[in-house]
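For reference, the structure is listed below as structure tokens.
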Amino acid sequence: MRVEGNSGKPAVGGEEEKPDSGRRWVNIVLGTGIVATIASFVYPAIRYVIPPPVSESTNLSVVAARVGELKNNAAKVFKFGSEPAILIRSADGKYQAFTAVCTHLGCTVQYRSDLHEIWCPCHNGIYDLQGRNVSGPPPRPLAQYQVHIQGEDVVVVRNA
Amino acid sequence: MAGIKRRTLDWIDERLGGGGSIEEFLRHKKVPLHRHTIWYYFGGMALFLFIIQVLTGILLLMYYRPTASGAFESVQFIVTQVKFGWLIRSIHSWSANLMILIVFIHMFSVFFMKAYRKPRELTWVSGMVLFFIVLAFGFSGYLLPWNTLAFFATKVGTDMAGFVPFIGGWIKVFLRGGNEVTGATLTRFFGFHVAVLPGLATLLLALHLLLVQRLGMSVPPGVEKKIKEGQEPERTMPFFPNFLLRDIMGWYGALGALGALAAIFPWELGTKANPFGSAPAGIHPEWYFLFMFQTLKYLPSKVFFIDGELVGLMLFGLAGALWVLIPFLDYKAGFGRTTRFFTGLGIFVLGYIIVLSGLAIF
Amino acid sequence: MAFMLWGFSAALAAPPKDSCVTCHLQLPGQYGQPAKLFPSDVHQQAGLTCADCHGGDPNDDSMNAMSPAKGFRGVPAKAQIPAFCGRCHSDPSYMRKFNPSLRTDQLSEYLTSVHGKRLKQGDTKVAVCVDCHSVHDIRSPSDTRAPVYPTHVADTCARCHADANYMKGYKIPTNQYALYKKSVHAAALAGGDISAPTCTTCHGNHGATPPGVNSVASVCGTCHVMNQQLFEKSPHGAAFAKMGLPGCVQCHSNHEIVKPEDSWVGTNPKAVCVTCHVKGDNGYKTAEAIAGGINKLKTTYQNADEVLNKAEQSGMEVSSARVELTSAHSDLIKARVVVHSFNATDVLKVTSQGVATSRKAQEEGIAALHERDYRRKGLAIALIAIVIAISGLYLKVRKMERS
């Protein structure tokens, strides 16, 4: 009798002489194998369906700060997806958010509370509080993101 | 233990209308034993892998998002944040490829054993429809991670659909959900992949399996002849439990292989698709489409006044149609007469696929 | 009635009579060129004619059109060209009619330039308006075809300044263009960044003069603000001024400004620091410390990068660690700017932050590698379970079929 479909296992000798204990031995091996394999499939599946600590991917919206964390005329650079972004609270208390990647050569921009403008330290580029490039080398404005207050959180959202 | 088993089976039997139908069904199915018995395992293996796909697919559905802005990130989320997400995702991708390979082997082994001959013509036809459904599963699923390779492979693949005469343009727009490959295409492919194709596959599988159960296992003509002439004894094995236990050994082996592939060669994430970027060099479809892709490369851009791609499409369409109709073309096999021609044809087709796939890779 | 209307409209459509253009278009060579070129000139588009600059009578078809009695000024001599153009371009009330925001100080700036001063002394080899702006096909400087469009400025200056024969007798080098072409600024300009500096950015255009030794740092500092501010406050700022050394140029050159190497800072033979400082002096020690800080950051960064590469190659997903590492890279760039303070403490503050971030990213990479090993161990256990199950099945089948 040929057996197909496996890689050949060493035979356990001696079942013919002792049918009863041999049969029990086979059943033990088979039972152990089946239980062990089912456990090794069910365990990952159960861990998988339990939601992870961060419940969804964060490339489209991120909690940038807590309400009250930023004073007026101050800003914070935070991580949004794989790039830095900047949350600015202007002098009148309103929040704005932009990408912090300068459109000239990619440096990270800062908020200048003395100028009330966004400044890039690399080559002195300046953007206004609408993200428009108003002075220096930057060729394009900064992409703007939406800001929503959700309870205690300041959430920054971007479109696809 | 045996008593409980007996009583459970009786309980179920009563509620299926009585008459001992389950036991009857389980006992009566026999598997012929001969030189080529090994090929009988491939159908069950394909079914098993399909079930793996359904289970891992359902798990992936819990976290996947079918939109251009969310798809790539959701797959990234699955493989980095979700516990064992990497395992489920890689098994799904590897098992898809393994299933297509097994289905190719199943189809060719059935062909060479001429199991399609009367009365099993419809089993062959339903199997061929299933084969095309499986390829459609592969094509639609490939786009879902929304990475650069998948995006451009889909673009090229749906471009081909546009070459069908008269209705090609409409087919292309229908597949793409528009004129270009966009987020609309992704959502549409997702709908095909998780609803339309599974529904169709279930129906056809039910038909295919029903036919196999009712018609029993076919024996290759050569063996049949030898048995009739008394040169070989007619040997069989009960399907349940003997063949089934061997089936399960194979299935466990497949699970081990899938686990090893997922842990040691995890499926790549790639880079997020940029619809406005240019195609990377050396773009090509998945391996199971390579032989057609390579053939198109060899065809001249115009044959007389017809587009090269259209010629290729027509040739493959014709070949596919003939292949589906094989049981009716090789009707002589139904009388036990083997024509070398069809065996030779099968070898040519198999060789063609292997050689051209090889040429595409190297 | 129809005829009258047709004739009337024909008369309206016809351009005003301009005998200059009519005659000169038929003349060969250099006499016909101006008329052929003029349609592309910005002056023509503003509605000006030949006579508006050259005088004469465009209504007169005879040679009398060009008589001094009709106000004909003819072709100006080279030395008179600035005043010729300046007749309108320095007159704000006239220029206001065309473009009120156009500057009208070009002529006065020109007179302060080296070109303007030499022209006054009788040197007619220097550049005048038409040498840079062309003549008869003058285009606005923002027109990409203009010889003074930012990407063409260096080529225009080089027509004279890179011509060794032409510049014979002047005591200035003629290799500036060749050197500039090797610079990062030329590369940026060629790459489409029209904010990148060219000759006129540092030398001025109409008032073209090399910046004085004391003002070089201010010129560079119009873009490289941080570097200039740090430099001026640094020990080198005052020291260089006292020694009459040109700030930035001392280490970075003026025309051949190439991408600086980290090896320029430190005490190795290739470093610029050791051209003045010697072993034992404060500068030497500072150079050593600064170079040490930067090298440490670079090494830590590279180690982290290697670990992340290894993790990626074994199929682990480490994109968030990669994002962390980019901030370490930003710290490296920042440290290279803070070098210009020539203060080791300040530089080390920046580099140590980058080192900490790199270490953190490296740890994440190592964690990923551990996760990979954990997965393989888990795989081994699952495979053992599978092997047991398969053996069990095999034995069961064998047992069943023996009996």
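Residue numbers (this note's numbering), protein chains in the order written: chain A, 1 to 160; chain B, 1001 to 1362; chain C, 2001 to 2403.
The beta-carbon is built from N, C-alpha and C at its ideal position, and this holds for glycine as well.
Q. Under a Cβ-count criterion, where at least 16 other Cβ atoms within 10 Å of its own Cβ denotes burial, should B:M1107 be classed as buried or exposed?
A. buried
(Q) Using a Cβ-Cβ cutoff of less than 8 Å, which residues in the same chain neighbour C:R2322 once the five nearest sequence positions on both sides are dropped? (A) Within the same chain, C:R2322 has close Cβ partners L2308 and A2361.
**Q.** Under 8 Å by beta carbon: chain C residues contacting B:V1079
**A.** E2317
Q) Applying a beta-carbon distance threshold of less than 9 Å, which residues of chain A neighbour B:I1088? A) P44, A45 and Y48
Q: Would you mind sorting B:G1003 into buried or exposed? The rule is 16 or more other CB atoms within 10 Å of its CB.
A: exposed
Q.
Between which residues of its own chain and A:P121 is the CB-CB distance below 6 Å, once the five residues before and five after are set aside?
A. Annotation for A:P121: no residue places its beta carbon closer than 6 Å to its own, counting only its chain and skipping 5 residues before and after.
Q | Amino acids of chain A, ordered along the chain, whose beta-carbon sits closer than 7 Å to that of B:F1084 | A | P44, R47 and Y48
Q | Neighbourhood of C:V2042 by C-beta distance below 7 Å, restricted to the same chain and skipping five residues each side | A | I2138, R2139 and S2140
Q: Could you check what DSSP says for A:S7 in three-state terms: helix, strand or coil?
A: Because the pLDDT of A:S7 is 40, which lies under 50, any placement of that residue in the model is unreliable, and the number read from its coordinates should be weighed accordingly. Of the three classes helix, strand and coil, the one that applies to A:S7 here is coil, per DSSP.
Q.
Please state the DSSP three-state secondary structure of B:G1044.
A. helix
Q: Report, in whole angstroms, the separation of the C-beta atoms of B:F1262 and B:L1087, which I expect to be a contact under 8 Å.
A: A quick correction: the sequence has Ala, not Phe, at residue 1262 of chain B. Yes, B:A1262 and B:L1087 are in contact; Cβ-Cβ is about 5 Å, under 8 Å.
Q.
Can you pull out the residues from the region 2031-2057 of chain C whose beta carbon lies closer than 9 Å to at least one beta carbon of chain A?
A. none
Q) Which of the residues in the region 128-155 of chain A, read from start to end, lie with their CB under 9 Å from any CB of chain C? A) G136, P137, P138 and P139
(Q) Could you compute how far the alpha carbon of B:K1225 sits from the alpha carbon of B:G1336? (A) Their Cα atoms are separated by approximately 8 Å.
Q | Proximity of C:Y2180 and C:A2154 at Cβ, strictly below 8 Å | A | yes
Q: Using a Cβ-Cβ cut-off of 8 Å, state whether C:R2376 counts as contacting chain B.
A: yes
Q | Per-residue contacts from C:E2401 into chain B (C-beta, under 8 Å) | A | N1242
Q) Can you pull the DSSP bridge partners for B:K1302? A) B:D1307
Q | Buried/exposed call for B:W1170, threshold 16 Cβ in 10 Å | A | exposed
Q) Closest to A:Q110 by CA distance: which of A:N73, A:R47 and A:A36 is it? A) A:N73
Q) Any C-beta of chain A sitting closer than 8 Å to the C-beta of C:A2389? A) yes
Q. From the beta carbon of A:T103, is the nearest beta carbon of chain B less than 8 Å away?
A. With 8 Å as the cut-off, A:T103 does not count as an interface residue toward chain B.
Q) Less than 8 Å separating the beta-carbons of C:G2247 and C:A2217? A) yes
Q | CA nearest to the CA of C:I2416, picked from B:E1286, B:A1257 and B:F1139 | A | Outside the shown range of chain C (2001 to 2403) lies residue 2416 of chain C, about which nothing can therefore be said.
**Q.** Proximal residues of chain B, C-beta to C-beta of A:V35 below 8 Å
**A.** Those within 8 Å of A:V35 in chain B number zero; the least Cβ separation is about 13 Å.
Q) Does the Cβ of C:E2261 have 16 or more other Cβ atoms within 10 Å, making it buried, or fewer, making it exposed? A) exposed
Q: State the Cα-Cα distance for the pair A:N6 and B:G1277, rounded to the nearest angstrom.
A: With a pLDDT of 39 at A:N6, under the threshold of 50, the predicted position of this residue should be treated as unreliable, though the coordinate-derived value follows. Taking the straight line from one Cα to the other gives about 47 Å.
**Q.** Among B:V1355, B:E1180, B:A1096 and B:T1343, nearest to B:L1290 - alpha-carbon criterion
**A.** B:V1355
Q. How do the region 2199-2210 of chain C and the region 2109-2117 of chain C stand: do at least 3 beta-carbon pairs fall below 8 Å, yes or no?
A. yes
Q) Can you tell me whether DSSP reads A:Y111 as helix, strand or coil? A) The answer is strand: DSSP assigns A:Y111 an E or B state.
Q | Interfacial residues, the region 1246-1264 of chain B to chain A, with Cβ spacing under 8 Å | A | R1246, D1247, M1249, G1250, Y1252, G1253 and L1255
(Q) If I follow the unbroken alpha helix (DSSP H) through A:K76, where does it start and stop? (A) First-last for A:K76: A74 to F80, but that is the beta strand (DSSP E), not the alpha helix (DSSP H).
Q. Considering only residues of the same chain and omitting the five flanking positions on each side of C:V2130, which have a CB-CB separation below 7 Å?
A. I2081
Q: Given a cut-off of 8 Å, decide if B:W1039 and B:M1113 are closer than it, judged by their beta-carbon atoms.
A: yes
Q | Runs of beta strand (DSSP E) lying entirely within the region 1205-1243 of chain B, each at least 3 residues, in chain order | A | 1235-1238
Q: Please state whether DSSP places A:V12 in a helix, a strand or coil.
A: Its pLDDT being 47, under 50, A:V12 is placed unreliably by the model, and nothing is read from it.
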